[in-house]
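Residue numbers (the numbering used here), protein chains in the order written: chain A, 1497 to 1917; chain B, 404 to 601; chain C, 7 to 389; chain D, 912 to 1015; chain E, 506 to 692.
And the structure:
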């Protein structure tokens, strides 16, 4: 559904502003200036959205986690602590920036800057509205996957250059994990691409709009894979092993101090926000919400869904312990990859049936949803039964000595009695 | 896109590509060399975009930057005792002559050949065309490519896998000492070392 | 032992030396987020696997055993607070028991009951800390710790209203306790005891039912019963291997024989069992406190003692079940006003005997979890 | 004047030559692999340039060819690096000068 | 309730199994000769009647003429306790190590070595534990203040202060057995 070029003050289609500007520039200037201007406007727009959002989200994350931890959270700077992120940023900027003497200077200085490149680029293909994305690429999904792969390299550079073992551990872990978890993420997106028949991010939203359904209902397993794979790529719990603070201090950014650390931190949050937005776009309908987008600015709908997903990420972080590297790996390769392949086949089959047999989507999609939820549930159940180690199913109560006391002999008696229970 | 923007893009990307490649020769550190290689790859991806081959540009970034470069970094880190420098052997001078010859020949051929009629416009929806030709016209090479990738995967795993006798030297000595359980044994059954505390 | 293994190869990471054939030595500590104090674990790694572990301690050494020889028996009580600053009451109690044994002092029944009350409250507080930090070491981002701190806070408040201090209480005295219970303590304790069982069930649901926590701690840092007894482990670490040994039952002091409680033991001596045993011990402590709260006898809370205590020549070894295990004080007197020798059998230190065996062969992450599950207090290790 | 096929071909030729030089002159096996990758990239660039300027566009045959080259390059790098690892494990070096023994 | 072992009866059986090991008997306490320490303690550990499998504590007391190494042995199954004492010379204190029998003795022997200066023969890893390697003397000895560092009682001065009371600066002190610190020698 293409809205007509609206008035510039109509918030439903911010694209109108940039269109006005480019048309105005095209009147007098060369067209390459116009394309550069649109690019700049798009980048500024993205920054204008994620910058303030980030500040609010830092506050939100601290506040929500504080509530989960039976604390109050920041409440001193500004009303209800809202200015706390600003104070943090100021503090970080004022701090001394140290570099280890043995660090590889250039490779050490570059990553905090470079890591912003994929973090900003990734927003380029996100549709904030029907025609509201910086670049509505024909291959937006592929772009997303390719760009998020670059992140790994920057993190590796950061981890390697510090000449710090914790950092190198973090770098090695992040590479191993990101490479592994890219596969489930790609598989989950591929299932969507197969099913909707488009590589464009906006195309997937439009498909959901045309069929009046969110893809989360049809592909729950893909959603789970995307969510969990993203936590692994974003280094958030339960997969934050690359900066596991109790093991390797801060992982790949151990030696970064001051605002350099602040940049890593900001990018981590920005990436989380971006992945939340992409999850909302792929699986929750993006800017579309059953016709509500006619009345409310579409980017507000997207932001609301993004906030919901961001809350899920905060929730995960506040509640879950961390998995070990080998456990994460085996979970990826033994569960996600096979299940992802199964769902790839399922998506392809269902798409073919839908097109070849000409079924009515209104009838077919609910059936598909039921089937896919069934397969996903069965997969999870089978994995939980077979792959989980038998030790994990031991009872979660200790043996009670019941008056026995003593050393090895009593221990043996207790064990015998306990095994008889 | 107009000429100016196009020229700007082409020349800067060419400089990036070739400069990155030259820096691989110059840089003394293997890890720096890989980083410059990545720069070169990204330049090539940009050149692909100027050739309106968007799909290939993304595949280039995905495969070369995201996978091959990372594999190389991994391999460098996993061969720690090997020399880290990126030195050149005595083949340098013949290779340099050969490089000059190849450049000369390439430039000569490029400039002197009549390439026939040039097509002006770019082709859209490349992903669709490439995808369809892959499963229609080129389905056999496609399948062979898939089999080859699988074979390479299996082969690489088989090559790089460590056998038990390849365990690091002092892991083996610790197993002998009884501190470590044997590779297939149960950790709880390992006999305790004589002084197991510190 | 460590000198026999080739741990000398510690190449700088960027220079070389990180791979399947190279040992990498990683220092966990003295400043590290997971060491619970200034404790240093030098782990030699093969990839992610720990192939050797050496601990380096003494950063917090204050030579209390020497200092105590210069102070009178009563003046030494504050030192015991600082030995294990997370279980000051237990340490006070153990030292006072040792001196009382040396002098043959009878403690009034009210003082005995108060001592048990505070020892058990201290156990609750210490186990809350131990379980919270253990979950932290497993990577739970502070949440369980802060929830446990919520309960610990109420206990510390009770300490404060009784003796004015929260951590280093200095509350027990030779022959009794320093102050009588304040009138507001028992209502506070009662409301605390009313809330706690529900909270414990909540923690059980949240933590023990958590697949990730189970996966992280099951079959990690295993030690069997024979090894544990041979290595003199004590407390929850020993009981997790299945040995039902608790000083409160085996060698009852201060009137513990009158209380009905049970010893929880584990099955396979892994980190999860240690965690489980501590969780269950919290419930048993609540049970003891519930029996105690209505039956605190009246009377004096401090025995009549000479102002300048000069125990007869001799020696005494008294021990209690501190939250970390068998905490013993060995006091030798030469008849003078100060101890001739003052020695503390520190469970935190001795429980570390098996650390190397438990961590070798696991991954680095396992080593952290194992260290967390032993529940060390560096003040007690170094003294 | 627009950028035409020739410019791309020249860039491709230079890139190929540099790759060739690296592949021939570097001591380190991983360095040699880098050279090979550069050469493959140069070929890809040339092919894409031909595709842009001369392909009929019906099946985009040259671009499909590039896809195959990229697949082969990925496989080649995986196997090549695995080989380097094996050599390293047995000989503690990846320097090609030192890998002159025909058995190990 | 933990019972105290009848040391007299135990000494008789120990004397039969390991003649000449017992030096003196007191209630709940055996004083052993250090030449027979290992054999005697092994007997006490393995004998099913005494079954002293748990080394509860190991420490030492400086008696000025000699050192008493005090070992508290415990049976978990029988729930009884025995104190074993061994004498060591004051000038050249050497005692056989119990680590081969009880791994629990490992850290405690290191601690005693560190603070008391008693060498445990056969200990696999006898290093200083709390104090740094160059620390002069052994602080828990009664004559510590008269030991090589020539430290005086009372509050010590800071390293930069000259005078007899200056603490040795870490790393500049002599190795144990080496030359004494020169009084007043500041870095």
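Ideal Cβ placement from N, Cα and C applies to all residues, glycine included.
All values reported here derive from a predicted model rather than from experimental measurement.
Residue 178 of chain C has C/183 as its beta-bridge partners, per DSSP. At a Cβ-Cβ threshold of 9 Å, residue 471 of chain B and residue 933 of chain D do not count as neighbours. Here the alpha carbon of residue 1664 of chain A sits roughly 8 Å from the alpha carbon of residue 1747 of chain A. Chain C places a beta carbon closer than 9 Å to that of residue 635 of chain E, counting this residue as a contact. Contacts with chain B (Cβ-Cβ distance below 9 Å) from the segment 934–948 of chain D involve 934, 935, 936, 937, 938, 939, 940, 941, 942, 944, 945, 946, 948, listed in chain order. Under the three-state reduction of DSSP, residue 125 of chain C is assigned to helix. Out of E/610, E/642, E/544, E/516, the CA that lies nearest to the CA of residue 596 of chain E is found in E/642. In the DSSP assignment, residue 47 of chain C forms a beta bridge with C/34, C/61. Take the alpha-carbon of residue 1860 of chain A and the one of residue 1837 of chain A: they are about 22 Å apart.
Non-local C-beta neighbours of residue 1632 of chain A in its own chain, meaning closer than 6 Å and more than five positions away in sequence, comprise 1698, ordered along the chain. For residue 1639 of chain A, the closest C-alpha among the options A/1849, A/1749, A/1617 is that of A/1617.
Shown here, residue 1547 of chain A sits in a helix according to DSSP, grouped into three states. Secondary structure of residue 1597 of chain A (DSSP, three-state): coil.
In this structure, the beta-carbon distance from residue 248 of chain C to residue 231 of chain C falls below 9 Å. Following the DSSP letters along the chain, one finds residue 1882 of chain A inside the alpha helix (DSSP H) bounded by residues 1857–1882. Counting along the chain, residue 635 of chain E sits inside no alpha helix (DSSP H), nor does DSSP assign it H or E at all.
Put simply, the CB of residue 144 of chain C is near chain A, with a gap under 9 Å to one of its CB atoms. Setting aside the 5 residues that flank it on each side, residue 1728 of chain A is surrounded in the same chain by 1673, 1677, 1735, each with a C-beta closer than 6 Å to its C-beta; the list follows chain order. Bounds of the alpha helix (DSSP H) holding residue 196 of chain C are 191–209. In this model, residue 962 of chain D and residue 980 of chain D are separated by some 15 Å (Cα to Cα). Taking a 10 Å sphere around the C-beta of residue 1712 of chain A, we find 16 or more other C-beta atoms and assign the residue as buried. The segment 426–441 of chain B makes contact with the segment 925–942 of chain D: 3 or more CB pairs, one atom from each, lie closer than 8 Å.
Shown here, residue 143 of chain C sits in a helix according to DSSP, grouped into three states.
At the C-beta level, residue 475 of chain B and residue 996 of chain D stay beyond 9 Å of one another. Under the three-state reduction of DSSP, residue 109 of chain C is assigned to helix.
Residues of the segment 1727–1760 of chain A with a Cβ closer than 9 Å to any Cβ of chain C, in chain order: 1733, 1734, 1736, 1737, 1740, 1741, 1742, 1743, 1744, 1745, 1746. Contacts with chain D at 9 Å (Cβ-Cβ) do not include residue 517 of chain B.
In terms of beta-carbon proximity, residue 255 of chain C lines the interface with chain A, with at least one pair separated by less than 9 Å.
Taking 9 Å as the threshold, the shortest C-beta distance from residue 553 of chain E to chain C does not fall below it.
Neighbourhood of residue 1642 of chain A in chain B, by CB distance below 7 Å: 461, 464, 465, 469, in chain order. Sequence-ordered contacts of the segment 359–383 of chain C with chain E read 359, 360, 363 [C-beta pairs closer than 9 Å]. Across the structure, residue 1662 of chain A and residue 1619 of chain A are spaced so that their CA atoms are roughly 31 Å apart.
Interface residue (Cβ-Cβ distance to chain A less than 9 Å): residue 218 of chain C is classified as such. If you draw a straight line from the Cα of residue 64 of chain C to the Cα of residue 1556 of chain A, it comes to about 42 Å.
Residue-level contact by beta carbon fails for residue 92 of chain C and chain A, as no gap is shorter than 9 Å. With its beta carbon less than 9 Å from one in chain E, residue 72 of chain C belongs to the interface.
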